[in-house]
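Below is one structure, written out as structure tokens; the observations come after it.
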Amino acid sequence: MAPVLDGDPWRIGVYRIMGRLGAGGMGQVFLGRSPGGLAVAVKVIHEAIAADPGFRARFRREVATARAVSGAFTAAVVDADPDAPHPWLATVFLEGRPLNEAVAGHGPLPPRAVASLGAGLAEALVAIHRAGIVHRDLKPGNVMLSPDGPRVIDFGIAHTTGATAITRSGAIVGTPAYMSPEQARGEETGPQGDVFSLGGVLAFAATGQAPFAGTRPEVTVYRVIHDPPALDAINDPGLRGLIAACLDKDPSRRPTPARLLQRLGSGAPQGVAWLPPSMAAAITEATAPMPPGRGVVGRRAVILAGTGLTALAATGAVAAARRAGDEPGSRGGPGAGPVPKGTLVRRISVGESLAGGPALAQGLAIVTTTSGELHAFDLANGLRRWRYVPAAGESGAFGSAPVAADSTVYAVNDSGYLHAVDVATGKRRWARKAGVLGSPPAVCGGRVYVWAGTKEGGGTPSLAVFDVAGKGGRKPRPSGFSARPSPMAVAHTC
């Protein structure tokens, strides 16, 4: 969740706005709290769309229909106001991680987990279609992996079966990489279109890539209409065949959600045990209580669970609260106030045994693990931005904390390698053998200093000094040795 911005609403209906959850083509989504404490996701429709003369009537009808949707794998609609100056819709807020973020952070799901996900989503579509609704924007970002199981969210562009399309003729609404061919052509979309989108979601879950991804939206749309899906990376023949059936260009040949449930069995997932362990841990451990006041989640505030190390920007959190008006006697109401010092703001699940860190740079918290990896987490939302795995022959458990300087993070492992990684992308810049290491590196004056257990050709402990400026195009290399001083002593005198 991101803090609210200047100009954001303070209250929508009876719901006090606590933060921003996202934005899309139809509107913005806010986290709200009811007077009784219920957490909701409030989607506010963009003014330009709300100005469409026929939109409000259709939206009113669809809200009434959406309230009828029930099922274990959907987010229930709890409130709406189609007649507000900015129409809005509120659904139960689901904690967890969207599928796209979970796969980006932890990798594709194994076949069995993909099948379990498919069963849950198929059951959700059964409930949605039974209520007479077509979702029309089923995609990885609209599949929430919650501690209670997968859930389908965001009925923002859903429409009632048989009703006229929301958009004017020729306009396309949806996400190109996951929309059906008939939707991409601007034609009426029925329940079969959701099945096509489900196939795309499962392909993404299995491979980490959309089956029709293109460099530009128009290229993606062309591939959706004309090209076969890219499914070669799915090694399980049965799963690949099922996804291919969902992605058939002919709607009449696609299986129904009920038929998919029969093929997948009755194992629709509950909880997180069906997910890979690291992903399950991230979903469970990242679930935090709702913040006590608007805007209290600071952009730079983070707590890394399990490391014993805390980076808590209390002043940033208090500043965010003050900008939002959460001062005693402000419009926040009774009980609102700045965040007390030492308040737990967020827990971030790493999913690994940590060696050290965090190093803070460019809005990221970067940690090392005993399994030999670097992980970078976004301080604004706690999501993993990248993971660095050393190349074969350069791997080994990291035994100390990383150090960040000049857009590069440096870390040493027990194989004796100093690794230099781009802070923004997590890409390897270089790695050099530095001897047996026992402490974090230090950076000073275009050089990196690392403690080497033995000097080359002798038995005296030494300090390996690496030139990282790359003068004359040369790659970083050891530029000298100096007996006994520690890297941290160099850092303090730089």
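For the sequence shown, our numbering assigns the number 414 to the initial residue and increments by one for each residue that follows. In this text, a Cβ means the ideal position worked out from N, Cα and C, and glycines have one as well.
DSSP places Thr633 in the helix class (H, G or I) of the three-state scheme.
Asp663 is bridged by DSSP to nothing; it lacks a bridge partner. Asp661 and Phe609 have their alpha carbons spaced roughly 7 angstroms apart. Judged by beta-carbon spacing, Ala515 lies within the 8 angstroms limit of Met692, meaning their Cβ atoms are closer than that value. Within the same chain, Val856 come within 6 angstroms of Ala818 by CB-CB distance, once the 5 residues on both sides are set aside. A distance below 7 angstroms between beta-carbons, with the five flanking residues on each side excluded, links Ala772 to the following residues of its chain, in chain order: Ile779, Ala814, Pro815, Val816, Ala817, Val822. Contact between Ala488 and Thr504 holds: their C-beta atoms lie close to 4 angstroms from each other, under 8 angstroms. Looking at the DSSP output, Ile458 shares a beta bridge with Gly440. Between the alpha carbons of Glu460 and Trp501 lies a distance of about 11 angstroms. For Leu773, the uninterrupted beta strand (DSSP E) segment begins and ends at 767-774.
Measuring C-alpha to C-alpha distances from Ser559 to each of Gly755, Val427, Ala686, Gly785 identifies Ala686 as the nearest. Put simply, of Phe879, Ala623, Gly420 the residue whose alpha carbon is nearest the alpha carbon of Ala865 is Phe879.
Residue pairing of Ile779 in beta bridges, as defined by DSSP: Ala772, Ala789. When DSSP states are grouped into helix, strand and coil, Leu677 belongs to the helix group. Sorting Gly612, His519, Asp827, Val834 by C-alpha distance to the C-alpha of Ala694 places His519 at the top.
Taking the C-beta atoms as reference points, Leu655 is found no nearer than 8 angstroms to Ala535. A contact between stretches requires three or more CB pairs, one per stretch, nearer than 8 angstroms, and the segment 520-528 meets this requirement with the segment 616-625.
Sorting Arg798, Leu451, Arg424 by C-alpha distance to the C-alpha of Phe506 places Leu451 at the top. For Phe609, there is no enclosing beta strand (DSSP E); the enclosing alpha helix (DSSP H) has its first and last residue at 604-620. Setting aside the 5 residues that flank it on each side, Lys456 is surrounded in the same chain by Gly440, Val442, Leu502, Gly569, each with a C-beta closer than 6 angstroms to its C-beta; the list follows chain order. Residue pairing by DSSP leaves Asn513 without any beta bridge partner.
Boundaries of the beta strand (DSSP E) around Ala877: 875-880. In this structure, Leu538 lies near Pro670, with their beta-carbon atoms less than 8 angstroms apart. Listed as beta-bridge partners of Lys840 by DSSP are no residues whatsoever.
Between Val556 and Val614 a beta carbon distance of about 6 angstroms is seen, short of the 8 angstroms cut, so the two are scored as contacting.
Glu600 counts as exposed, since fewer than 16 other beta carbons sit within 10 angstroms of its beta carbon. Taking C-beta separations shorter than 7 angstroms and ignoring five residues to either side along the sequence, the partners of Asn513 in its chain run Pro553, Gly554, following chain order.
No Cβ-Cβ contact shorter than 8 angstroms links Gly859 with Trp799. Using a Cβ distance threshold of 8 angstroms, Gly612 and Glu595 do not count as a contacting pair. Taking the Cα positions, Pro854 is about 12 angstroms away from Gly769. By the Cβ-count criterion, Ala532 is buried, with 16 or more other Cβ atoms from all chains shown falling within 10 Å of its own Cβ.
Bridge partners of Tyr591 according to DSSP: none are assigned.
If you check the CB distance, Val417 and Arg429 do not come in under 8 angstroms. Judged by DSSP secondary structure, Ala855 falls within the beta strand (DSSP E) whose first and last residues are 855-857.
Setting aside the 5 residues that flank it on each side, Arg842 is surrounded in the same chain by Thr821, Ala833, Val834, Asp835, each with a C-beta closer than 8 angstroms to its C-beta; the list follows chain order.
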